[in-house]
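Trainee: In the numbering used here, the protein residues as written are 12 to 172. All C-beta atoms in this analysis are idealised placements derived from N, C-alpha and C, irrespective of residue type, glycine included.
1. Between the segment 143-155 and the segment 80-98, can you find at least three pairs of beta-carbon atoms closer than 8 Å?
2. Helix, strand or coil for residue 100, going by three-state DSSP, please let me know.
3. CA-CA distance, residue 83 and residue 67?
4. Can you check which of these residues, 107, 117, 161, is closest to residue 131 by C-alpha distance?
5. Apart from the five residues just before and just after residue 86, which ones in its own chain have a Cβ nearer than 6 Å to its Cβ?
6. Taking buried to mean at least 16 other C-beta atoms within 10 Å of its own C-beta, is residue 49 buried or exposed?
7. Work out the CA separation of residue 108 and residue 153 for me, nearest whole Å.
8. Between the Cα of residue 155 and those of 172, 129, 122, spot the shortest distance and give me the residue it belongs to.
9. Mind listing, in chain order, the continuous beta strand (DSSP E) runs of no fewer than 3 residues lying wholly within the segment 79-167?
10. Considering only their Cβ atoms, is the gap separating residue 27 from residue 42 smaller than 8 Å?
If you want it as structure tokens, here you go:
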């Protein structure tokens, strides 16, 4: 919604000012340059979440292998905005939720990433180290567990076929 309004910010501001539109408690117009700056910052911040949601909500396209890419993208975004004066309270709460749900990465998404020809084991190690550096988590034991279980599953598959 914010993305749609931004191209018309000048038009909306002039329209509301000429019509004696809504004013705050000081009698100043609600839509000021500062207000539009806040809207633009929120739009920039929320755009990544929108893109990730659209990508991972696809029905006829496999998306499990893309989860780790998006986890990294969101972690990078939260790290980038964690010291932003305007968004700090929002980002702090979002980072807590992020750590609650994504600090322990489900094995399924790890396997899906490894089985993706673009990922493989080396790519998995690289993305884990990037995510770990951003959120200050050591994923070395998790990597070893995933690698062991992955080879275990592969051996079962090899014996069967």
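Mentor: For this structure:
1. yes
2. helix
3. 14 Å
4. 161
5. 142, 145, 146
6. exposed
7. 21 Å
8. 122
9. none
10. yes
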